[in-house]
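J.: Each residue of the sequence shown is one higher than the one before, counting from 137 in my numbering.
One structure coming up, written as structure tokens, with questions to follow.
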Amino acid sequence: MPESRSTITVETGDSVRRLQELTDAVDKAQEAYKEAAKSNDHAKTVAAQKVWKEATRELAKHTQALERTELAAKELSSMTLVQLERRQRDLIYQLKRTHEGTQEYQQLQGQLQQVNTRVGELRQSLRATTDAQRSLNAQIHQGSLGHRMLHGLMGSVTGAAGKMGGALKTALNSLSGGFLGAIGSIAGVIGALKKAVGASDEFTAKMANLQALTGLRGDDLDWLGEKARSMGSAMTDAGVRIAKSSNEIADAFALMGSAKPELLGDKEALAGVTEAALTLAAAAGLDTNEAVTSLANTMNQFGAGAQEASRYINTLAAGSQAGSAGVDLISKAITKFGAVAAGANLSVEESVALIETLAAKGIQGEVAGTKLNSVLIALQTGADEFNPKIVGLNQAFENLAAANLSTAEKVKIFGQGNIAAGEILIQNRAQLADLTQAVTGTGTAFEQAAINTNDNATRTQQMLNRLEVAYQKVGDALQPLLANALSFLTSIMDTLGDLWDDTAPLREAPKIFRDTCHIDWCQPTERVYNFIRGLAPYPAAWTEILSADGRRMALKVFRSERIAEPHALSPGAIRTDGRRHFDVATEDGFLRLLDVQPAGKRRMTADQFLNGTDVSACCMA
């Protein structure tokens, strides 16, 4: 297919991202319209309204297109391979008779791409099923080794050690010389068992550490264990996906318990505050340790209980969003002056506003905390009208501004090293008040975390977390049986290995059949390239070209060239200039076919083949 005819792909992830962008654009346009309306500028208001309406129309169009795409995908998922191939031929036929560049042509391309992708998925699944069936048949032919091995395993598990040797001998006598495949099968079983047991052992070690720290036992410890296993693959009530492994969450429980010891006697409180910390991590882009430490330190400075965890993560996230200091810098600053702030009856919201006010002027982290500590101590030990504990924080700075103090007087109050910080707070008292309001009573952490975790990467990680938990639970069940089971399987491996005779004559390689040489374009480029090279010149790898009118043409491939180029085409799609180049899409790139041989004809180069064959609207089957 010429470059101008590159297939249009409907990417669900891109569509969702575009939907979010359009939604944000509508929100911004609406806000701009509201601001314009307040200004009483008619022309500005009309222009802003026009932009808002246009953004709304674009959002509606994209939403409808996304819905149509989802409906088409559902329809394709219910079709059989035969039905899909028939649909594929129909679309190719229609494309040949449609003008390029038209909307109809683009729609047909998009539909063909979806069909090609689904055909590739079904063919890959069919091949996997066929391979599995062949493998099963081979095992059955070799004396039902799997059944015999399982029988021996269960005999071992039940403690029938005396019978194990007999079962092993029986299995070996029935192999009929084909025990190399048996070694691979047994090795696979051993590997799976070890992986499951290893996952169980690692999680058990994490829970043992948590038990040593918390002193929890029995049902309480089991409850925390199940919470750690379920939290990483579930969605919270606030719509947040905590995509952390069970081991990471167990570590977070232990870290939070160390940072806030008062939680150790209450499993629900410990789990709740830890979940809040993990929500903060998702909202602010922190790792688990940073989030747990930041939340625990901040709560500790103000003596906050578990029930206030949500308020604190929302305040920290809102402060990070409204100002220039991130959550980690806010936490570092609070660690230096939080106790003094609490003693002056300042709220966590006012404290975060103080930090962000200094951060806007380049004073951040521990430096900001140290200066705020000195400023608050100075104000509390001075005149009552400047004491935030007596008159409140905002009023204290208003009184300082109204006093019109000289530089010498300010130095006397704040000290030479802190006068700059004091000046910033006095001059920016209005901003301080605004920031306090901005971080009060928000749901910023939950809102941002819900947005940040609503993606395919997070969903994939949660699926992997569920798989990890499955391994752990299998390993838990295997633990009592482990010693005997692995001993039995290892003995089989040892015995089979002893029977191997290096002096035995080599056996002939298995015959290569036509199906064995068929090219699977769903494989990576490197693998397909080596497959073609390994079968050249005889018997030669082969494929099929599905023509525009639905006919199939067999084509041997003798030589190819790798092209490392990302694309959105389905495996087997053809890209050609119609004269010299003849590229076929693989899983991760292209293969340029150089020497080919159509059925019933001689071997020829790609340009010779293209001279008499139009493949621009075809694909590889």
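Even for Gly, the Cβ is constructed at its ideal location relative to N, Cα and C.
Remember, predicted model here, so these are calculated numbers, not experimental data.
Identify, in the order they occur along the chain, each residue of the same chain with its Cβ nearer than 8 angstroms to the Cβ of residue 224, setting aside the five sequence neighbours on each side.
T.: As a position in the sequence shown, residue 224 is number 88, starting the count at 1. So the list reads 248, 251, 252, 255, 682, 755, once near-sequence residues are dropped.
J.: Using DSSP's beta-bridge definition, name the partner residues of residue 712.
T.: As a first step, residue 712 must be located in the sequence shown, where it is residue number 576. In DSSP, residue 712 forms a bridge with 718.
J.: Please classify residue 193 as buried or exposed, where buried requires at least 16 other C-beta atoms within 10 Å of its C-beta.
T.: Counting from one through the sequence shown, the residue named residue 193 turns up at place 57. Residue 193 comes out exposed.
J.: Roughly how many angstroms lie between the CA atoms of residue 667 and residue 655, to the nearest whole one?
T.: Position 531 of the sequence shown holds residue 667. Position 519 of the sequence shown holds residue 655. For residue 667 and residue 655, the distance between alpha carbons rounds to 8 angstroms.
J.: I need the boundaries of the beta strand (DSSP E) containing residue 732, first residue and last residue.
T.: Position 596 of the sequence shown, counted from the start, is the residue given in the question as residue 732. From DSSP, the beta strand (DSSP E) with residue 732 extends over 726-734.
J.: Looking only at its own chain, which residues have a Cβ that is under 6 angstroms from the Cβ of residue 514, when we skip the five neighbours before and after it?
T.: Indexing the sequence shown from 1 puts residue 514 at position 378. Excluding positions up to five away in sequence, the list reads 549, 550.
J.: Count the other CB atoms within 10 Å of the CB of residue 596; is the residue buried (16 or more) or exposed (fewer)?
T.: Start at 1 with the first residue of the sequence shown, and residue 596 comes out as number 460. That one is exposed.
J.: Please name the residue in 538, 512, 539 whose C-alpha comes closest to that of residue 529.
T.: The count along the sequence shown starts at 1 and reaches residue 529 at position 393. Residue 512 is the option with its Cα nearest to residue 529.
J.: Check whether the stretch 517-528 and the stretch 455-473 are in contact - that is, three or more C-beta pairs closer than 8 angstroms.
T.: No, the stretch 517-528 is not in contact with the stretch 455-473.
J.: Take residue 407 as the anchor and find which of 463, 651, 220, 360 has the nearest alpha-carbon.
T.: Position 271 of the sequence shown, counting from 1, holds the residue named residue 407. Comparing Cα positions, the closest option is 360.
J.: If you draw a straight line from the alpha carbon of residue 743 to that of residue 240, how long is it in whole angstroms?
T.: By 1-based counting over the sequence shown, the position of residue 743 is 607. By 1-based counting over the sequence shown, the position of residue 240 is 104. C-alpha separation (whole angstroms): 31 angstroms.
J.: Please identify the residue among 175, 575, 500, 545 whose C-alpha is closest to the C-alpha of residue 522.
T.: As a first step, residue 522 is located in the sequence shown; it is residue number 386 there, counting from the start. The shortest Cα separation from residue 522 among 175, 575, 500, 545 belongs to 545.
J.: Alpha carbon to alpha carbon, how far is residue 672 from residue 243?
T.: Here residue 672 refers to the residue found at position 536 of the sequence shown. Here residue 243 refers to the residue found at position 107 of the sequence shown. Rounded to the nearest angstrom, the two C-alpha atoms are 40 angstroms apart.
J.: Decide yes or no for the touch test of the stretch 441-454 against the stretch 489-508: beta carbon pairs closer than 8 angstroms, at least 3 of them.
T.: As far as the Cβ criterion goes, the stretch 441-454 does not touch the stretch 489-508, which means the pair count is below three.
J.: Could you check the C-alpha separation between residue 716 and residue 460 for me, to the nearest Å?
T.: What you label residue 716 is simply residue 580 of the sequence shown in a count that begins at 1. What you label residue 460 is simply residue 324 of the sequence shown in a count that begins at 1. Cα-Cα distance, rounded: 57 angstroms.
J.: Could you check which residue in 556, 543, 506, 563 has the C-alpha nearest to that of residue 534?
T.: Position 398 of the sequence shown, counting from 1, holds the residue named residue 534. Nearest of 556, 543, 506, 563 to residue 534, Cα basis: 563.
J.: Taking only runs of the alpha helix (DSSP H) that begin and end inside the stretch 334-373, which ones reach a length of at least 4 residues, in chain order?
T.: Fully enclosed alpha helix (DSSP H) runs of 4 or longer: 354-367.
J.: Buried or exposed: which applies to residue 160, given that a residue is buried once 16 or more other Cβ atoms fall within 10 Å of its Cβ?
T.: For the purposes of this step, residue 160 is taken as residue 24 along the sequence shown, with counting starting at 1. Per the 10 Å Cβ criterion, exposed.
J.: Are residue 725 and residue 698 touching if we call contact CB-CB under 8 angstroms?
T.: What you label residue 725 is simply residue 589 of the sequence shown in a count that begins at 1. What you label residue 698 is simply residue 562 of the sequence shown in a count that begins at 1. It is a contact, given that the beta carbons lie within the stated cut-off.
J.: Going by DSSP in three states, residue 379 sits in which element: helix, strand or coil?
T.: For the purposes of this step, residue 379 is identified with residue 243 of the sequence shown, where counting begins at 1. Correct three-state label for residue 379: coil.
J.: Can you tell me the Cα-Cα spacing of residue 753 and residue 713, whole angstroms?
T.: The count along the sequence shown starts at 1 and reaches residue 753 at position 617. The count along the sequence shown starts at 1 and reaches residue 713 at position 577. Each residue's Cα considered, the two are about 12 angstroms apart.
J.: Does the beta-carbon of residue 599 have 16 or more other beta-carbons within 10 angstroms, so that it is buried, or is it exposed?
T.: Your numbering for residue 599 matches position 463 in the sequence shown. The residue is exposed, with fewer than 16 neighbouring Cβ atoms inside 10 Å.
J.: What are the start and end residues of the beta strand (DSSP E) that includes residue 690?
T.: Numbered from 1 along the sequence shown, position 554 holds the residue referred to as residue 690. 688-699 is the extent of the beta strand (DSSP E) around residue 690.
J.: Could you compute how far the alpha carbon of residue 245 sits from the alpha carbon of residue 375?
T.: As a first step, residue 245 is located in the sequence shown; it is residue number 109 there, counting from the start. As a first step, residue 375 is located in the sequence shown; it is residue number 239 there, counting from the start. Going by the C-alpha atoms only, they are around 37 angstroms apart.
J.: Near residue 507, what residues of its chain come up, given a Cβ to Cβ distance below 6 angstroms and the 5 sequence neighbours on each side ignored?
T.: Counting from 1 along the sequence shown, the entry for residue 507 is found at position 371. Closer than 6 angstroms at Cβ, skipping near neighbours: 554, 557.
J.: For residue 741, which residues of its own chain have a beta-carbon under 7 angstroms away from its beta-carbon, when the five flanking residues on both sides are left out?
T.: For this step, residue 741 is matched to residue 605 along the sequence shown. Closer than 7 angstroms at Cβ, skipping near neighbours: 730, 731.
J.: With burial defined as no fewer than 16 other Cβ atoms inside 10 Å of the residue's Cβ, what is the status of residue 233: buried or exposed?
T.: If you number the sequence shown from 1, residue 233 lands on position 97. By the 10 Å Cβ count, residue 233 comes out exposed.
J.: Buried or exposed, going by whether 16 or more other CB atoms sit within 10 Å of the CB of residue 674?
T.: As a working mapping, residue 674 is identified with position 538 in the sequence shown. So residue 674 ends up on the exposed side.
J.: Using a 10 Å radius around the Cβ and a threshold of 16 neighbouring Cβ atoms, would you call residue 182 buried or exposed?
T.: For the purposes of this step, residue 182 is taken as residue 46 along the sequence shown, with counting starting at 1. Exposed, because fewer than 16 other Cβ atoms sit within 10 Å of the Cβ of residue 182.
J.: Measure from the alpha carbon of residue 750 to the alpha carbon of each residue in 356, 694, 687, then state which is nearest.
T.: As a first step, residue 750 is located in the sequence shown; it is residue number 614 there, counting from the start. Of the candidates 356, 694, 687, the one whose C-alpha sits nearest the C-alpha of residue 750 is 687.
J.: Taking 6 angstroms as the limit between beta carbons, can you name the residues of its chain near residue 572, skipping five residues before and five after?
T.: Along the sequence shown, one-based indexing puts residue 572 at 436. Correct list, in chain order: 485, 486, 489.
J.: Considering only the beta carbon of each residue, do residue 346 and residue 403 sit closer than 8 angstroms?
T.: In the sequence shown, residue 346 corresponds to position 210, counting from 1. In the sequence shown, residue 403 corresponds to position 267, counting from 1. Going by C-beta atoms, residue 346 is not nearer than 8 angstroms to residue 403.
J.: Note down the Cα distance separating residue 423 from residue 610, rounded to an integer number of angstroms.
T.: Locating residue 423 in the sequence shown gives position 287, where the first residue counts as 1. Locating residue 610 in the sequence shown gives position 474, where the first residue counts as 1. Distance between the alpha carbons of residue 423 and residue 610 is about 29 angstroms.
J.: Take residue 604 and list the residues in its own chain whose beta-carbon comes closer than 7 angstroms to its own, dropping the five residues that flank it on each side.
T.: By 1-based counting over the sequence shown, the position of residue 604 is 468. 335, 381, 382.
J.: So, are the CB atoms of residue 500 and residue 536 less than 8 angstroms apart?
T.: Taking the first residue of the sequence shown as 1, we reach residue 500 at position 364. Taking the first residue of the sequence shown as 1, we reach residue 536 at position 400. It is not a contact, given that the beta carbons lie outside the stated cut-off.
J.: Could you give the DSSP three-state label for residue 296: helix, strand or coil?
T.: Start at 1 with the first residue of the sequence shown, and residue 296 comes out as number 160. The predicted position of residue 296 is uncertain, since its pLDDT is 36 and thus under 50; no value can be drawn from it.
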